[in-house]
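Written below as C-alpha coordinates is the structure these notes are about.
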Amino acid sequence: MSILTPARLLQLSSAPQLQSSWYFIAAATLTICNEPGEIPSVFHLALKQSQKIPLNLSVAEDSINFSKHLIYKNSIGEIEKKIENLNSDLVDEESNFKNQFEVAQKTREALLKCSALGGIPKSINSLMILKNSTPLQLLERNENRDNSISNITNERERGRQYWDQVYGKVSSRVIGQMNNAYPDLWSYARDHVYSPLLSFSDILDPRETSLVVVACLIPLDVNPQLKGHLKGALNNGCSKEEISSARALSIQIAEWCGYKWKGNIVSL
1 MSILTPARLL
11 QLSSAPQLQS
21 SWYFIAAATL
31 TICNEPGEIP
41 SVFHLALKQS
51 QKIPLNLSVA
61 EDSINFSKHL
71 IYKNSIGEIE
81 KKIENLNSDL
91 VDEESNFKNQ
101 FEVAQKTREA
111 LLKCSALGGI
121 PKSINSLMIL
131 KNSTPLQLLE
141 RNENRDNSIS
151 NITNERERGR
161 QYWDQVYGKV
171 SSRVIGQMNN
181 AYPDLWSYAR
191 DHVYSPLLSF
201 SDILDPRETS
211 LVVVACLIPL
221 DVNPQLKGHL
231 KGALNNGCSK
241 EEISSARALS
251 IQIAEWCGYK
261 WKGNIVSL
(Lines of atoms letter the chains of each structure in order from A and count residues from 1; the text may use other names and numbers.)
(Lines give C-alpha, C1' and ligand atoms only; values in the text may rest on other atoms or scores of the structure.)
Protein backbone atom coordinates (compact mmCIF):
# COMPACT_ATOMS: atom_id res chain seq x y z
CA MET A 1 0.00 0.00 0.00
CA SER A 2 1.34 3.41 -0.97
CA ILE A 3 2.15 5.94 1.69
CA LEU A 4 1.65 8.92 -0.60
CA THR A 5 -1.92 9.37 -1.78
CA PRO A 6 -2.78 12.10 -4.29
CA ALA A 7 -4.04 14.31 -1.45
CA ARG A 8 -0.88 13.78 0.58
CA LEU A 9 1.37 14.41 -2.41
CA LEU A 10 -0.49 17.62 -3.20
CA GLN A 11 -0.19 18.64 0.45
CA LEU A 12 3.59 18.26 0.29
CA SER A 13 3.82 20.35 -2.87
CA SER A 14 1.90 23.13 -1.14
CA ALA A 15 4.20 23.39 1.88
CA PRO A 16 4.54 27.08 2.79
CA GLN A 17 7.90 28.73 2.13
CA LEU A 18 9.13 25.64 0.26
CA GLN A 19 7.80 26.21 -3.25
CA SER A 20 11.15 25.40 -4.88
CA SER A 21 12.50 22.93 -2.31
CA TRP A 22 9.62 20.77 -1.06
CA TYR A 23 10.39 17.87 -3.39
CA PHE A 24 14.03 17.27 -2.45
CA ILE A 25 13.24 17.78 1.24
CA ALA A 26 10.46 15.20 0.92
CA ALA A 27 12.73 12.81 -1.01
CA ALA A 28 15.40 13.11 1.69
CA THR A 29 12.89 12.36 4.44
CA LEU A 30 11.55 9.33 2.58
CA THR A 31 15.10 8.06 2.17
CA ILE A 32 15.77 8.21 5.91
CA CYS A 33 12.37 6.59 6.55
CA ASN A 34 13.47 3.75 4.24
CA GLU A 35 10.64 4.32 1.78
CA PRO A 36 12.54 4.88 -1.48
CA GLY A 37 9.67 3.53 -3.55
CA GLU A 38 7.68 6.69 -2.78
CA ILE A 39 10.32 9.03 -4.19
CA PRO A 40 9.40 8.71 -7.91
CA SER A 41 5.90 10.05 -7.22
CA VAL A 42 7.42 13.13 -5.58
CA PHE A 43 9.93 13.48 -8.40
CA HIS A 44 7.41 13.28 -11.22
CA LEU A 45 5.08 15.78 -9.61
CA ALA A 46 8.03 18.14 -9.22
CA LEU A 47 8.85 17.68 -12.92
CA LYS A 48 5.29 18.67 -13.79
CA GLN A 49 5.52 21.66 -11.48
CA SER A 50 8.74 22.74 -13.22
CA GLN A 51 6.79 22.82 -16.50
CA LYS A 52 4.33 25.28 -14.92
CA ILE A 53 1.57 22.67 -14.99
CA PRO A 54 -1.08 23.59 -12.39
CA LEU A 55 -1.02 20.96 -9.67
CA ASN A 56 -4.24 19.34 -8.55
CA LEU A 57 -5.45 15.96 -7.33
CA SER A 58 -5.70 14.58 -10.86
CA VAL A 59 -2.12 15.57 -11.71
CA ALA A 60 -0.90 14.13 -8.41
CA GLU A 61 -2.72 10.87 -9.07
CA ASP A 62 -1.21 10.66 -12.55
CA SER A 63 2.27 11.10 -11.05
CA ILE A 64 1.68 8.30 -8.56
CA ASN A 65 0.19 5.90 -11.08
CA PHE A 66 2.91 6.56 -13.63
CA SER A 67 5.64 6.03 -11.03
CA LYS A 68 4.10 2.78 -9.81
CA HIS A 69 3.86 1.49 -13.36
CA LEU A 70 7.53 2.19 -13.97
CA ILE A 71 8.90 0.85 -10.70
CA TYR A 72 6.76 -2.16 -9.95
CA LYS A 73 5.33 -3.43 -13.24
CA ASN A 74 8.31 -3.60 -15.56
CA SER A 75 11.81 -4.95 -15.91
CA ILE A 76 14.65 -2.45 -15.98
CA GLY A 77 14.96 -2.75 -19.76
CA GLU A 78 11.28 -2.04 -20.28
CA ILE A 79 11.46 0.88 -17.86
CA GLU A 80 14.30 2.47 -19.81
CA LYS A 81 12.43 2.00 -23.08
CA LYS A 82 9.28 3.60 -21.70
CA ILE A 83 11.25 6.48 -20.18
CA GLU A 84 13.05 7.06 -23.48
CA ASN A 85 9.73 7.25 -25.29
CA LEU A 86 8.59 9.92 -22.85
CA ASN A 87 11.48 12.26 -23.58
CA SER A 88 9.63 14.05 -26.37
CA ASP A 89 6.77 14.79 -24.00
CA LEU A 90 8.71 15.63 -20.83
CA VAL A 91 11.75 17.38 -22.25
CA ASP A 92 10.59 18.94 -25.49
CA GLU A 93 11.74 22.54 -25.02
CA GLU A 94 15.01 24.06 -23.90
CA SER A 95 13.38 25.91 -21.00
CA ASN A 96 11.60 22.74 -19.89
CA PHE A 97 14.85 20.80 -20.04
CA LYS A 98 16.71 23.35 -17.92
CA ASN A 99 14.01 23.43 -15.26
CA GLN A 100 13.57 19.67 -15.18
CA PHE A 101 17.29 18.96 -15.12
CA GLU A 102 17.57 21.24 -12.10
CA VAL A 103 14.82 19.25 -10.36
CA ALA A 104 16.64 16.01 -11.17
CA GLN A 105 20.02 17.34 -10.05
CA LYS A 106 18.74 18.74 -6.77
CA THR A 107 16.89 15.52 -5.98
CA ARG A 108 19.97 13.39 -6.66
CA GLU A 109 22.20 15.68 -4.62
CA ALA A 110 19.80 15.66 -1.67
CA LEU A 111 19.73 11.86 -1.71
CA LEU A 112 23.52 11.74 -1.82
CA LYS A 113 23.80 14.12 1.12
CA CYS A 114 21.41 11.87 3.04
CA SER A 115 24.23 9.33 3.18
CA ALA A 116 26.02 11.49 5.75
CA LEU A 117 23.06 11.10 8.09
CA GLY A 118 21.22 7.88 7.33
CA GLY A 119 23.98 5.82 5.76
CA ILE A 120 25.15 4.86 2.28
CA PRO A 121 22.75 1.87 1.85
CA LYS A 122 19.63 4.04 2.05
CA SER A 123 21.09 6.58 -0.37
CA ILE A 124 22.04 3.82 -2.81
CA ASN A 125 18.53 2.38 -2.78
CA SER A 126 16.89 5.77 -3.26
CA LEU A 127 19.24 6.86 -6.04
CA MET A 128 18.81 3.57 -7.90
CA ILE A 129 15.03 3.83 -7.78
CA LEU A 130 15.19 7.48 -8.82
CA LYS A 131 17.46 6.60 -11.74
CA ASN A 132 15.01 3.98 -12.96
CA SER A 133 12.20 6.53 -13.09
CA THR A 134 14.18 9.40 -14.62
CA PRO A 135 13.94 10.36 -18.32
CA LEU A 136 17.22 9.47 -19.99
CA GLN A 137 18.01 13.06 -20.91
CA LEU A 138 17.75 14.06 -17.27
CA LEU A 139 20.26 11.50 -16.00
CA GLU A 140 23.64 12.69 -14.75
CA ARG A 141 26.46 11.75 -17.12
CA ASN A 142 29.49 13.19 -15.33
CA GLU A 143 30.83 13.63 -11.83
CA ASN A 144 30.08 17.05 -10.36
CA ARG A 145 32.90 17.03 -7.82
CA ASP A 146 36.62 17.49 -8.39
CA ASN A 147 38.00 14.35 -6.77
CA SER A 148 41.61 14.97 -7.72
CA ILE A 149 44.28 14.71 -5.03
CA SER A 150 45.33 18.29 -5.75
CA ASN A 151 41.89 19.53 -4.68
CA ILE A 152 41.90 17.93 -1.22
CA THR A 153 43.42 20.96 0.54
CA ASN A 154 40.89 23.37 -0.97
CA GLU A 155 38.08 20.96 -0.19
CA ARG A 156 39.09 20.66 3.45
CA GLU A 157 39.32 24.43 3.81
CA ARG A 158 35.83 24.69 2.36
CA GLY A 159 34.59 22.01 4.75
CA ARG A 160 36.00 23.79 7.79
CA GLN A 161 34.47 27.09 6.66
CA TYR A 162 31.12 25.39 6.21
CA TRP A 163 31.39 23.79 9.65
CA ASP A 164 32.18 27.14 11.26
CA GLN A 165 29.26 28.74 9.43
CA VAL A 166 26.84 26.08 10.67
CA TYR A 167 27.99 26.00 14.28
CA GLY A 168 28.92 29.65 14.67
CA LYS A 169 30.24 30.65 18.08
CA VAL A 170 30.02 27.07 19.43
CA SER A 171 32.12 25.59 16.60
CA SER A 172 35.29 25.08 18.64
CA ARG A 173 33.35 23.70 21.58
CA VAL A 174 31.65 21.06 19.43
CA ILE A 175 34.99 20.10 17.89
CA GLY A 176 36.43 19.69 21.38
CA GLN A 177 33.51 17.51 22.47
CA MET A 178 33.94 15.27 19.43
CA ASN A 179 37.69 14.99 19.98
CA ASN A 180 37.12 14.08 23.61
CA ALA A 181 34.63 11.39 22.61
CA TYR A 182 37.10 9.85 20.14
CA PRO A 183 40.02 11.73 18.56
CA ASP A 184 39.25 10.30 15.11
CA LEU A 185 35.61 11.46 15.18
CA TRP A 186 36.16 15.13 14.37
CA SER A 187 38.77 14.50 11.69
CA TYR A 188 36.50 11.94 10.04
CA ALA A 189 33.52 14.31 10.08
CA ARG A 190 35.65 17.12 8.67
CA ASP A 191 37.48 15.14 5.99
CA HIS A 192 34.79 12.72 4.83
CA VAL A 193 31.44 14.34 5.60
CA TYR A 194 31.66 18.13 5.71
CA SER A 195 34.48 18.69 3.22
CA PRO A 196 33.53 16.57 0.19
CA LEU A 197 29.80 16.25 0.78
CA LEU A 198 27.90 18.75 2.89
CA SER A 199 29.95 21.83 1.96
CA PHE A 200 29.68 21.16 -1.78
CA SER A 201 27.36 23.89 -3.03
CA ASP A 202 27.34 23.71 -6.83
CA ILE A 203 23.90 22.03 -6.86
CA LEU A 204 22.34 22.61 -3.45
CA ASP A 205 23.41 25.85 -1.82
CA PRO A 206 24.17 25.98 1.94
CA ARG A 207 20.64 27.06 2.74
CA GLU A 208 19.12 24.15 0.82
CA THR A 209 21.61 21.69 2.31
CA SER A 210 20.64 22.81 5.80
CA LEU A 211 16.97 22.11 5.08
CA VAL A 212 17.89 18.62 3.85
CA VAL A 213 19.94 17.96 7.00
CA VAL A 214 17.10 19.13 9.26
CA ALA A 215 14.63 16.92 7.39
CA CYS A 216 16.91 13.89 7.75
CA LEU A 217 17.56 14.36 11.45
CA ILE A 218 13.88 14.38 12.42
CA PRO A 219 13.04 10.71 11.67
CA LEU A 220 16.44 9.74 13.12
CA ASP A 221 15.16 11.04 16.49
CA VAL A 222 18.43 12.71 17.45
CA ASN A 223 17.45 15.90 19.24
CA PRO A 224 20.97 17.06 20.17
CA GLN A 225 22.04 17.12 16.52
CA LEU A 226 18.70 18.49 15.33
CA LYS A 227 18.95 21.39 17.77
CA GLY A 228 22.38 22.30 16.41
CA HIS A 229 21.32 22.10 12.78
CA LEU A 230 18.12 24.07 13.29
CA LYS A 231 20.34 26.91 14.46
CA GLY A 232 22.79 26.07 11.70
CA ALA A 233 20.05 26.54 9.12
CA LEU A 234 19.55 30.07 10.44
CA ASN A 235 23.29 30.64 10.18
CA ASN A 236 23.20 29.44 6.57
CA GLY A 237 20.55 31.98 5.63
CA CYS A 238 17.25 30.13 6.05
CA SER A 239 14.32 32.04 7.47
CA LYS A 240 12.58 30.81 10.60
CA GLU A 241 9.50 30.21 8.47
CA GLU A 242 11.40 28.01 5.99
CA ILE A 243 12.94 25.98 8.79
CA SER A 244 9.61 25.55 10.55
CA SER A 245 7.96 24.43 7.32
CA ALA A 246 10.74 21.92 6.49
CA ARG A 247 10.54 20.56 10.03
CA ALA A 248 6.75 20.18 9.75
CA LEU A 249 7.02 18.51 6.34
CA SER A 250 9.54 15.97 7.62
CA ILE A 251 7.46 15.22 10.72
CA GLN A 252 4.36 14.72 8.60
CA ILE A 253 6.08 12.30 6.23
CA ALA A 254 7.65 10.37 9.10
CA GLU A 255 4.26 10.06 10.79
CA TRP A 256 2.74 8.75 7.55
CA CYS A 257 5.57 6.18 7.52
CA GLY A 258 4.64 5.08 11.04
CA TYR A 259 7.46 6.74 12.94
CA LYS A 260 7.16 7.56 16.62
CA TRP A 261 9.58 9.57 18.73
CA LYS A 262 10.89 9.00 22.23
CA GLY A 263 9.88 12.51 23.27
CA ASN A 264 9.12 15.96 21.93
CA ILE A 265 10.91 17.02 18.76
CA VAL A 266 13.02 20.11 19.33
CA SER A 267 12.24 23.30 17.44
CA LEU A 268 13.73 26.76 17.16
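Residue numbering for the sequence shown follows full-length UniProt numbering, beginning at 1 and increasing consecutively.
Where a beta carbon is used, it is the ideal one built from N, C-alpha and C, also for glycine.
The structure presented is a predicted model; accordingly, all values stated were derived computationally and were not measured.
- For Y188, the number of other beta carbons within 10 angstroms of its own is below 16, and it is reported as exposed.
- When secondary structure is reduced to three states using DSSP, T5 falls in the coil class, being assigned neither helix nor strand.
- Within the segment 219-266, complete alpha helix (DSSP H) segments of at least 4 residues are found at 223-235 and 240-256, given in chain order.
- Taking C-beta separations shorter than 7 Å and ignoring five residues to either side along the sequence, V222 has no partners in its chain.
- Distances from the alpha-carbon of E140 to those of Y167, E109, G168 and K240 put E109 closest.
- Taking C-alpha positions only, K106 is separated from G176 by approximately 33 Å.
- Distance from the Cα of S171 is smallest, within the candidate group H192, W22, H229 and S126, for H229.
- The beta carbon of R207 is closer than 6 Å to those of N236, G237 and C238 in its chain, skipping five residues each way along the sequence.
- When secondary structure is reduced to three states using DSSP, G37 falls in the helix class.
- Two segments are said to touch when three or more pairs of C-beta atoms, one from each, lie closer than 8 Å; by this definition the segment 43-50 does not touch the segment 122-129.
- With contacts defined as CB atoms closer than 8 Å, A254 and C33 qualify as a contacting pair.
- Counting only runs of at least 4 residues, the segment 98-132 fully encloses the following alpha helix (DSSP H) elements, listed from N- to C-terminal order: 120-132.
- S58 sits exposed, since fewer than 16 C-beta atoms from the chains shown fall within 10 Å of its C-beta.
- Rounded to the nearest whole angstrom, the CA to CA distance from R173 to C257 is 36 Å.
- Inter-segment contact for the segment 177-187 and the segment 142-157 is absent: fewer than three beta-carbon pairs are separated by less than 8 Å.
- For T29, the enclosing alpha helix (DSSP H) covers residues W22 to I32.
- P36 is positioned such that its CB atom lies no closer than 8 Å to that of L70.
- For I243 against L217, the beta-carbon gap comes to about 12 Å, at or over 8 Å, which does not count as contact.
- I64 sits in a helix when the DSSP states are folded into three classes.
- Note that the C-beta distance between W22 and A28 is not below 8 Å.
- Per DSSP, the unbroken alpha helix (DSSP H) holding A181 starts and ends at S171 to A181.
- Around S67, the same chain offers P40, S41, H44 and S133 as residues with beta carbons nearer than 7 Å, after the five sequence neighbours per side are excluded.
- Put simply, of R190, L30 and I265 the residue whose alpha carbon is nearest the alpha carbon of S123 is L30.
- Residue burial annotation: Q100 is buried, with at least 16 other C-beta atoms found within 10 angstroms of its C-beta.
- Listed in chain order, the non-local C-beta contacts of E155 below 7 Å within the same chain comprise S195 and P196, local neighbours out to five positions each way being set aside.
- In the structure shown, the three-state DSSP call for N142 is coil.
- Taking each of L112, G159 and K113 in turn and checking the Cα distance to R190, the smallest one comes out for G159.
- With 16 or more other Cβ atoms inside 10 Å of its own Cβ, E38 counts as buried.
- With respect to P219, S245 sits apart: the two C-beta atoms are not nearer than 8 Å.
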